[in-house]
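Working notes, beginning with the structure itself.
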């Protein structure tokens with residue numbers, strides 16, 4: 001009888017070892033990952049998943065979260081979905097209970113816009129107080145020699161969204177861009193509710209250079225469907241662009 005119990009125990013151990021999937025929950029996000037091939041890192045509430053190898057090309061960094069984002073009490077479900085498009089390489093699928101349909105929020109690859117050469121990006125998202133959605137897009141540095149190519153390095157975009165209860169649409173309320181160029185660190189912030197923007201240029205050992213302004217085109221009228229390449233190329237890109245080193 002003891003031998004039988006011992007045999008059953010060994011079988012249980014073997015089956016447990018063979019099970020290579022694990023469920024991980026981060027701030028309400030649930031994702032089943034292959035153990036040993038991926039890992040989850042906490043980054044200020046963001047869901048971030050990477051392979052054990054050094055950020056493999058085309059590896060989709062995605063996650064899923066639930067939040068009471070719209071104006072009812074039912075949780076809304078969000079997940080990043082890979083898309084076969086050169087510019088919109090992925091989108092955030094938002095299943096909103098208040099309007100009883102799914103809305104896709106495009107996540108643009110703006111590497112060509114900012115550096116004239118396409119690279120893959122990594123996407124992250126989180127909720128702030130349940131009602132504000134923030135998507136963060138990170139771009140890897142290109143394999144170029146610093147201070148020669150004029151490349152914008154450490155390029156990061158943050159886009160903030162909310163559910164507009166009056167017109168039942170997803171409204172973009174803010175955009176932040178940060179990067180290094182040569183010896184300068186530049187941040188650009190646009191408030192899409194007030195239409196105001198501010199651009200700051202920092203350089204070690206020197207006083208910060210600041211410029212700000214307002215645009216009627218940005219004031220309380222930008223929605224998720226407006227976030228496309230022409231809008232960024234013709235409007236956003238030029239905000240504070242004169243702050244860059246020549």
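In the UniProt record's numbering, the protein residues as written are 1 to 246.
For every residue, glycine included, the Cβ atom is placed at its ideal position computed from N, Cα and C.
For residue 223 against residue 170, the beta-carbon gap comes to about 6 Å, under 8 Å, which counts as contact. If you draw a straight line from the Cα of residue 83 to the Cα of residue 89, it comes to about 5 Å. Residue 215 counts as exposed, since fewer than 16 other beta carbons sit within 10 angstroms of its beta carbon. Judged by DSSP secondary structure, residue 115 falls within the alpha helix (DSSP H) whose first and last residues are 111-115. With distances taken between CA atoms, residue 167 lies nearest to 71 out of 71, 67 and 65.
Residue 131 is not bridged by DSSP to any residue. Per DSSP, reduced to three states, the secondary structure at residue 226 is helical. Under a 10 Å Cβ-count criterion, residue 101 is classified as exposed, with fewer than 16 other Cβ atoms of the shown protein chains found around its own Cβ. Non-local C-beta neighbours of residue 245 in its own chain, meaning closer than 7 Å and more than five positions away in sequence, comprise 181, 182 and 184, ordered along the chain. For residue 169, the enclosing beta strand (DSSP E) starts and ends at 169-181.
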